[in-house]
Structures are given as C-alpha cells and as structure tokens.
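Peer 1: As they're listed, the protein sequences go chains A and B.
Be aware that the first sequence starts at 125, since it is given in my numbering, and climbs by one per residue.
Be aware that the second sequence starts at 125, since it is given in my numbering, and climbs by one per residue.
2 protein chains.
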Amino acid sequence: MEDALGVALQAVGEKWAFLVVREVGLGVRRFDELQAVTGAPRAVLTDRLGRLVGTGILETRAYRQPGQRARQEYALTDAGIDLLPVLAALSDWGSLHLPAGAVREVDYRHLGCGGRVTARLVCECGEPVGSHDRLIAQINR
Amino acid sequence: MEDALGVALQAVGEKWAFLVVREVGLGVRRFDELQAVTGAPRAVLTDRLGRLVGTGILETRAYRQPGQRARQEYALTDAGIDLLPVLAALSDWGSLHLPAGAVREVDYRHLGCGGRVTARLVCECGEPVGSHDRLIAQINR
DNA sequence: CGGTATCCTATAAGATACTG
DNA sequence: CAGTATCTTATAGGATACCG
C-alpha cells in the first residue's frame, strides 16, 4: 500500500490540478474562465476537472441567475477547501526559496482582518515547531 | 512569468522528488538506502537527486566515520527543511480525505515532546485560520 | 556503493480545429 | 460556453543490466 503522501501526489500532484484548485478557490468557476486564467490546454483542463470531481475535490453545481439561462459551475468540496493550506504552504515556499525575479509573488490574505496568511507547523502540545526542530515520522512500511 | 506555485510545482511537483525530500529529512541519506525505501528506479533517483541539488533543496556532503572509508551523503539545505511543512500538510490532507484503507497513515512527531505535528494556516495577526475562513489571493497577472 | 546505460511504455502537455 | 477530437512532442516512470 502506498502512503498518504504518495497517493495525495497522485491525486493532485500535477501542475494543472493544483492551479485549477487554487483558481476555483479564488472564485473562478467556469470552464472558459479557468482555461483563460490557467492557460491549460482545453483537453487537459477537461481531464483535470473530471478527475478532481472524481476524487471529491471539486463538485459541479447547476445554477441560474435571474433572467439568465442555466449554467454550470465548479466549486470546492470540503476536501478541496482543506487543500488550500497546502497550496498556501507550497506557494510561500516558492516565493521564499526560488530565485527572486523568477516568480511572481502571490499573497494569501485573510478575508476580514486582511492579514497575510502563512502555513506553520504546530505541535499538538501547542508549541510552534521551528524550522530546525527535528521531526520523526512513524511510517508503517 | 509564472507564479510561485507553478514554479514550485516544477521544482518538486513530481512524485519521487517529494518522497526523496521526506526520506532525506527523516535521516535516510545514501543512494542505495533511498532507492530501497522509495522504490524509485535507479535512473530516476539519480535524476531527481541531481535536480534537487541543482535547485538548492539538497546538498551533498562527504563524510568519513572513524575507521571507515569516505562516503557521500545527501542532506537538506535550509530550503529543503522549509519544505517539510508542505509535506506534512499534504500528507495530512491525504490521510484525512483519501478513502480510508487506501493509504498508510504517516504520523509526524516532534522529537523531544513526542507530540503530533500538523500544518496550520495562521494569520499574521496571530489568529488561527479555520478551514472555512475565506482567503483571497493577490496575484499580479 | 553509487551510480550509468539502454530500452520501452505510459502519461502530461501543447496546438489547433470542431460541435451542440 | 463547455466541452470533444485529433495529433504531436516532451517527460516521467519502470525494468534490467553493467561498471569503477
């Protein structure tokens, strides 16, 4: 059996899958909009959307705005929402450690207080875990 | 220009790259050991190790234990160490949201207090950010 | 022990055009 | 709009063997 990290990478480990989840989380919900903002080829986007729905990260919803025809939109499920911290953590890492100038900065902010949101390791005892604290993992091989 | 998430995914977005970083972080430092625990094909492992060194996530170090011949080992750089929260966050997500029984559980624990370590989103104002708090991202498109 | 060298397959990505 | 269809290329992954 593979471990959680390996399987999670299979589920969302591709470039476009992660980017699609981010954009849907930010409110981009329709096919052509997603295609425009991500730049993914349409066939790839179709495939990723289908897979993300299949793994329970996205769901499709029909909706109709007053006076307009019925449309369909993609939305994050709870599992998808829980993926956002992972995105924020990876994006932060990229901003901090990849060569400056090679990437655009992306800030994640908390709607309401407006503060910048970052990912941190915390111990269940309540202590924050510093970068150089050693971790041990218990894996059943 | 691509954004930080896209570039970060290019750097570590492959299955074996992430798994190698985890294992090195847990103390597995030599080629054959890494090959054994990850199961990666040797040619792939060679490639990933080289790329991870090239992007500054791993470094090689020569060392010699008393009475033994010189060896080489891989170690995490500071950038590599900062990747551990991302791994923990993704692994946690997999344990929580992927079908039970499909994955092995992996616990990350804090050496010293022994408590379970998880990744959390925190706001710079000091407040923890809940799963359903809405985030906004500022991206320069 | 720490890789290289081949070879092969599977999948992701990219481009472009078409359809209900 | 929201996809399908088709085709091509690039890259990842897997198996196996060999080498200093």
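Glycine residues also receive a C-beta, built at the ideal position from the N, C-alpha and C atoms.
1. Helix, strand or coil for arginine 265 (chain A) per DSSP?
2. State the start and end residues of the unbroken alpha helix (DSSP H) segment that holds leucine 207 (chain B).
3. Any idea if cysteine 247 (chain B) is buried or exposed, counting beta-carbon neighbours within 10 angstroms, 16 or more meaning buried?
4. DSSP three-state call for arginine 258 (chain B): helix, strand or coil?
5. Compare the C-beta of alanine 261 (chain B) against all C-beta atoms of chain A and say whether one is closer than 8 Å.
6. What's the gap between the Cα of arginine 124 (chain A) and the Cα of valine 148 (chain A)?
7. Of all the options A:Arg233, A:Arg153, A:Leu235, which has the alpha carbon lying nearest to the alpha carbon of tyrosine 187 (chain A)?
8. Report yes if the C-beta distance between alanine 261 (chain A) and leucine 222 (chain B) is below 8 Å; otherwise report no.
9. Within its chain, find whatever has a CB closer than 6 Å to the CB of threonine 179 (chain B); leave out the 5 residues flanking it on each side and keep chain order.
10. What is the residue span of the beta strand (DSSP E) that valine 230 (chain A) lies within?
11. Would you mind working out which of A:Leu173, A:Trp140, A:Arg258 sits nearest glycine 239 (chain B), comparing C-alpha positions?
Peer 2: From the atom records:
1. For the purposes of this step, residue 265 (chain A) is taken as residue 141 along the first sequence, with counting starting at 1. At arginine 265 (chain A) the pLDDT is 46, less than 50, meaning the model places this residue with poor confidence; the figure from the coordinates comes in the next sentence. Arginine 265 (chain A): coil per DSSP, three-state reduction.
2. Taking the second sequence and counting its residues from 1, the one referred to as residue 207 (chain B) is at position 83. Unbroken run through leucine 207 (chain B): none, as it is neither H nor E.
3. Position 123 of the second sequence, counted from the first residue, corresponds to residue 247 (chain B). With 16 or more other Cβ atoms within 10 Å, it is buried.
4. Position 134 of the second sequence holds residue 258 (chain B). Of the three classes helix, strand and coil, the one that applies to arginine 258 (chain B) here is coil, per DSSP.
5. Along the second sequence, one-based indexing puts residue 261 (chain B) at 137. Yes - at least one Cβ of chain A is within 8 Å of the one on alanine 261 (chain B).
6. There is no way to answer for residue 124 (chain A), as the model of chain A reaches only from 125 to 265.
7. Position 63 of the first sequence, counting from 1, holds the residue named residue 187 (chain A). When each option's Cα is compared against that of tyrosine 187 (chain A), the closest is A:Arg153.
8. Against the first sequence, residue 261 (chain A) aligns to sequence position 137. Against the second sequence, residue 222 (chain B) aligns to sequence position 98. No, the pair does not count as a contact, with Cβ atoms beyond the cut-off.
9. As a position in the second sequence, residue 179 (chain B) is number 55, starting the count at 1. Counting only Cβ-Cβ distances below 6 Å, and skipping sequence neighbours, we find Ala135.
10. Within the first sequence, numbered from 1, the residue matching residue 230 (chain A) stands at position 106. From DSSP, the beta strand (DSSP E) with valine 230 (chain A) extends over 230-234.
11. The residue given as residue 239 (chain B) occupies position 115 in the second sequence. Among A:Leu173, A:Trp140, A:Arg258, the Cα nearest to that of glycine 239 (chain B) belongs to A:Arg258.
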